[in-house]
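Visitor:
Residue numbers (our numbering): 8 to 123.
1. Helix, strand or coil for residue 15? Go by DSSP, reduced to three states.
2. Starting from residue 85, follow the alpha helix (DSSP H) in both directions and report where the run begins and ends.
3. Give the straight-line distance between the Cα atoms of residue 53 and residue 61, rounded to the nearest whole angstrom.
If you want it as structure tokens, here you go:
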């Protein structure tokens, strides 16, 4: 029984869709070919113009934006360079201290060998 009702509803809805399409075919034939594209372009242009009229976007300049980004990258690069230079200097100082300490014991070791 349920299959019979489902089949009846399917046939009824399909016939309704075909009836509506049959009535609208003459209107669709009379439409110009590029009508859909123009409406999409105008919709896109409307949104684009609305975005351009927003306060902070109105005065937006790509050149200034690029300058700010590049200057920030430069500052970060210089900070990283300064930090690595400090690390390198610390390592060199530690190496010098170790070398001096090793040289201080050099003569003591030689004296011990002579005493034996």
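Quick reminder that beta carbons are idealized off the backbone N, C-alpha and C, glycines included.
Guide: By the coordinates alone:
1. helix
2. Here the alpha helix (DSSP H) through residue 85 covers 69-122.
3. 13 Å
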